[in-house]
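For the record, the sequence lines run as chains A and B.
Under numbering that gives the first Met the number 0, the very last position in the first sequence is 262; numbers go up by exactly one each time.
Under numbering that gives the first Met the number 0, the very last position in the second sequence is 71; numbers go up by exactly one each time.
Idealized CB from N, CA, C, for every residue including glycine.
Quantities reported herein were computed from a predicted structural model and do not represent experimental measurements.
Input: a single structure, listed below in structure tokens.
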Amino acid sequence: MNAPQDISADSWTVAGRTFASRLIVGTGKYKSFEQNAAAVEASGAEIVTVAVRRVNISDPTQPMLTDFIDPKKITYLPNTAGCFTAEEAIRTLRLAREAGGWTLVKLEVLGEAKTLYPDMRETLRATEVLASEGFEPMVYCVDDPIAAKQLEEAGAVAVMPLGAPIGSGLGIQNRVTIRLIVEGASVPVLVDAGVGSASDAAVAMELGCDGVLMNTAIAEAKDPVLMARAMKAAVEAGRLSYLAGRMQKRRYADPSSPLAGLI
Amino acid sequence: MAIDGSLSVRVNGEHRRVMGPMTISGLLREIGLDPHRVAVERNLAVVPRSRLPDTAVEDGDDYEIVHIVGGG
């Protein structure tokens with residue numbers, strides 16, 4: 000364990016950008032922009048994911064996310080949600096770069112609507128093209144240590160394995176593979192998708208992940224702002240627990256009070 | 000171009016008839032969009048924002064005009 004001396008200075012860096020918060024939150028599925036902004040504030044997140052979509056040309060004066068979450072204060076991470084081919088994803092991110100100048104992006108290329116599982120062949124191809132065009136793709140992927148390595152070689156600035164299917168809230172299904180990805184990676188690893196509750200986020204951090212990305216777990220909580228606070232605390236607790244280094248597990252009990260001096 | 004000088008284009012999948020000559024900036028203005036808040040793709044190629052004022056809309060053009068929305 001390489002625990003830093005000063006825990007308050009614990010930060011992480013992706014593509015040369017350093018962040019104190021290890022929680023990235025989505026901006027979809029909220030009841031209102033106001034609730035969304037309040038949840039982001041409560042989460043302490045410094046990065047939010049956003050999507051690229053057609054402007055409603057019949058009503059172009061609708062309020063916009065940027066009116067509520069200031070892109071000068073919070074880093075926007077444009078995603079390719081809903082893209083099922085490398086070409087669609089690349090097109091989407093080229094437009095995102097033109098819309099706001101963003102080169103740090105979240106790539107996801109999906110394989111099928113039912114599971115929203117990533118199509119790794121297309122994801123790998125898109126990663127190569129994006130990296131060659133000057134993008135810095137943080138890449139949503141399967142929880143496969145080999146695939147994670149290949150993405151890194153292709154130019155991913157972070158690998159983001161799923162804990163469980165997007166929006167499922169099932170928690171981290173395979174701790175072994177997430178840990179193997181963390182051990183093998185030389186870029187940041189963030190669990191992206193599958194977190195349902197605060198304990199899931201803490202587990203991800205205890206496995207040594209650099210961060211956690213979530214949307215539905217906060218947006219679909221009964222009280223999203225309170226859950227955002229819970230997630231902030233869980234990510235911090237999980238990180239500290241990882242740095243502290245957990246005790247070894249034993250098969251049987253080991254008393255905490257001294258046996259000597261018993262009456 | 001039609002005989003009355005109008006141009007037939009597609010914007011976000013919808014057919015639209017506009018009076019030529021027109022630049023892409025002019026098209027955005029007509030729709031009511033702020034060029035600084037959107038990105039424009041013309042016939043599958045991104046048009047840099049700096050080129051919007053001097054790029055002419057041509058008959059048959061297919062435009063995608065996008066912006067940033069909430070997402071996961």
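Buried or exposed, going by whether 16 or more other CB atoms sit within 10 Å of the CB of residue i?
{"i": "A:Leu268", "result": "The requested residue 268 of chain A is not part of the displayed model; chain A covers only 0 to 262."}
{"i": "A:Met0", "result": "Confidence is the limiting factor: at A:Met0 the pLDDT is only 48, short of 50, which leaves the residue's position unreliable, though a coordinate-based value still follows. It is exposed - the Cβ of A:Met0 has fewer than 16 other Cβ atoms within 10 Å."}
{"i": "A:Tyr251", "result": "exposed"}
{"i": "A:Lys113", "result": "exposed"}
{"i": "A:Glu111", "result": "exposed"}
{"i": "A:Gly260", "result": "exposed"}
{"i": "A:Asn35", "result": "buried"}
{"i": "A:Met213", "result": "buried"}
{"i": "A:Ser255", "result": "exposed"}
{"i": "A:Lys248", "result": "exposed"}
{"i": "A:Gly25", "result": "buried"}
{"i": "A:Arg238", "result": "buried"}
{"i": "A:Lys105", "result": "buried"}
{"i": "B:Glu72", "result": "Residue 72 of chain B lies beyond the range of chain B shown here (0 to 71); nothing can be said about it."}
{"i": "B:Ala55", "result": "exposed"}
{"i": "B:His14", "result": "exposed"}
Between which two residues does the alpha helix (DSSP H) harbouring residue i extend?
{"i": "A:Phe18", "result": "That residue, A:Phe18, is in no alpha helix (DSSP H); its beta strand (DSSP E) goes 16–18."}
{"i": "A:Pro223", "result": "223–243"}
{"i": "A:Ala200", "result": "197–205"}
Counting along the chain, where does the beta strand (DSSP E) carrying residue i start and finish?
{"i": "B:Ile99", "result": "Coverage of chain B is limited to positions 0 through 71, which leaves residue 99 of chain B absent and any answer about it impossible."}
{"i": "B:Leu8", "result": "Checking the sequence, you will find Val at residue 8 of chain B rather than Leu. Residues 5–10."}
{"i": "A:Thr102", "result": "Counting along the chain, A:Thr102 falls outside any beta strand (DSSP E), and DSSP gives it neither H nor E."}
{"i": "B:Glu13", "result": "13–18"}
{"i": "A:Val24", "result": "22–24"}
{"i": "B:Glu40", "result": "38–41"}
{"i": "B:Ala44", "result": "44–46"}
{"i": "A:Val13", "result": "11–13"}
{"i": "A:Tyr75", "result": "74–77"}
Helix, strand or coil for residue i, going by three-state DSSP, please let me know.
{"i": "A:Asn35", "result": "helix"}
{"i": "B:Ile23", "result": "helix"}
{"i": "A:Pro187", "result": "coil"}
{"i": "A:Val211", "result": "strand"}
{"i": "A:Glu87", "result": "helix"}
{"i": "A:Met159", "result": "strand"}
{"i": "A:Ile46", "result": "strand"}
{"i": "A:Ala95", "result": "helix"}
{"i": "B:Arg78", "result": "With chain B covering 0 to 71 only, the question about residue 78 of chain B has no answer from this structure."}
{"i": "A:Ser256", "result": "coil"}
{"i": "A:Ala220", "result": "coil"}
Report, in whole angstroms, the separation of the C-beta atoms of residue i and residue j, which I expect to be a contact under 8 Å.
{"i": "B:Gly70", "j": "A:Asn78", "result": "6 Å"}
{"i": "A:Ile171", "j": "A:Val138", "result": "With 8 Å as the limit, A:Ile171 and A:Val138 do not qualify as a contact, their Cβ atoms being about 18 Å apart."}
{"i": "A:Ala147", "j": "A:Ala184", "result": "6 Å"}
{"i": "A:Ile217", "j": "A:Met204", "result": "Actually they do not touch by this definition, with Cβ atoms about 16 Å apart."}
{"i": "A:Met159", "j": "A:Asp191", "result": "4 Å"}
Complete beta strand (DSSP E) runs within the region 106–153 of chain A (minimum length 3 residues, chain order) = 135–140
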